[in-house]
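Residue numbers (our numbering): 1 to 248.
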């Protein structure tokens with residue numbers, strides 16, 4: 001029996017093995033790729049597993065308001081976590097900005113989009129993909145950009161509207177639209193746009209895409225959920241977020 005007691009003691013000395021748990025996470029569609037890498041790094045360090053659902057922030061708000069058991073929300077905006085906190089659905093004092101999103105006008109075709117985005121003025125395309133500005137903050141930023149440039153009314157008839165930024169990227173990637181406004185994180189790798197051509201939209205053309213996270217009520221007594229919040233502020237997580245094209 002002695003070897004069994006020794007093995008049990010060894011297991012208890014390894015918190016990742018003894019207290020491994022699962023965390024229900026809702027993550028904005030634009031954050032899907034870095035969230036996958038963060039989940040792997042978090043599991044290696046703690047043993048905890050992330051069960052991640054990705055989608056539009058607007059739909060997550062509706063689901064959480066109706067009792068969805070998510071423990072942490074990684075939103076695509078700052079307003080939704082603040083609203084959830086005011087409604088008593090997020091734990092006060094846990095909101096913070098985990099990333100500043102960047103918008104890019106992108107096409108999988110090389111040399112199709114110029115470095116200044118002049119193609120928008122030239123109109124040499126039939127369809128422009130944009131996320132629904134009522135549901136997706138990146139869609140709202142795209143709408144603001146076009147209005148700032150004075151091109152919204154001219155280009156609106158060419159819009160192909162995605163439910164979220166993931167669907168918007170699919171419209172462009174599959175050729176249903178020649179180009180579209182997507183999250184830089186969806187097309188960015190090793191310090192550059194990994195495929196096709198794009199114009200990274202200057203931040204001055206739209207309101208900052210401040211992406212906030214919050215601990216939700218189902219996660220307030222879950223050590224694994226709080227461990228994830230701490231991990232997100234670590235150098236390892238910050239490096240993943242920066243490599244995905246988000247601003248500090």
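For every residue, glycine included, the Cβ atom is placed at its ideal position computed from N, Cα and C. No experiment lies behind these values; they were computed from the predicted model shown.
Distance CB(residue 98)-CB(residue 70) smaller than 8 Å: Result no, Cβ atoms of residue 98 and residue 70 do not sit closer than 8 Å.
Residue nearest to residue 55 in terms of C-alpha spacing, selected from 169, 175 and 243: It is 169.
Contact under 8 Å by Cβ, residue 201 with residue 106: Against a cut-off of 8 Å, the Cβ pair of residue 106 and residue 201 comes out as no contact.
Beta-carbon gap between residue 20 and residue 53 smaller than 8 Å: Not closer than 8 Å, so no.
Straight-line gap, residue 166 to residue 223 (C-alpha atoms, nearest Å): Pairing residue 166 with residue 223, the inter-Cα distance amounts to about 31 Å.
Backbone secondary structure at residue 89 - three-state DSSP: It is coil, neither helix nor strand.
Closest by C-alpha distance to residue 51, when choosing among 225, 243 and 235: Nearest option by C-alpha distance: 225.
Sub-8 Å separation of residue 205 and residue 128 beta-carbons: Contact: no.
Assumed close pair residue 260, residue 138 - CB separation to whole angstroms, cut-off 8 Å: This structure cannot speak to residue 260, because the chain is shown only from 1 to 248.
Opening and closing residue of the alpha helix (DSSP H) in which residue 42 lies: From DSSP, the alpha helix (DSSP H) with residue 42 extends over 32-46.
N- and C-terminal bounds of the beta strand (DSSP E) containing residue 98: It spans 96-101 - the beta strand (DSSP E) in which residue 98 sits, taken as one unbroken run.
Ranges of the beta strand (DSSP E) found wholly within the stretch 168-198, counting only runs of at least 3: Segments of the beta strand (DSSP E) lying fully in the stretch 168-198: 179-183.
Short Cβ contact (8 Å threshold) for residue 81 with residue 185: Inclusion of residue 81 and residue 185 in the CB contact set at 8 Å is not warranted, their separation being larger than that value.
Cβ-Cβ distance between residue 250 and residue 64 below 8 Å: In the structure as shown, the chain begins at 1 and stops at 248. Residue 250 is therefore absent and cannot be evaluated.
Where residue 95 falls, given that 16 or more other Cβ within 10 Å makes a residue buried: In summary, residue 95 is buried, with 16 or more beta-carbon neighbours lying within 10 Å of its beta-carbon over all protein chains present.
Identity of the residue in 22, 32, 23 and 79 nearest residue 187 by Cα: Residue 32 is the option with its Cα nearest to residue 187.
Buried versus exposed call for residue 174 [16 or more other C-beta atoms within 10 Å across all chains shown]: It counts as exposed.
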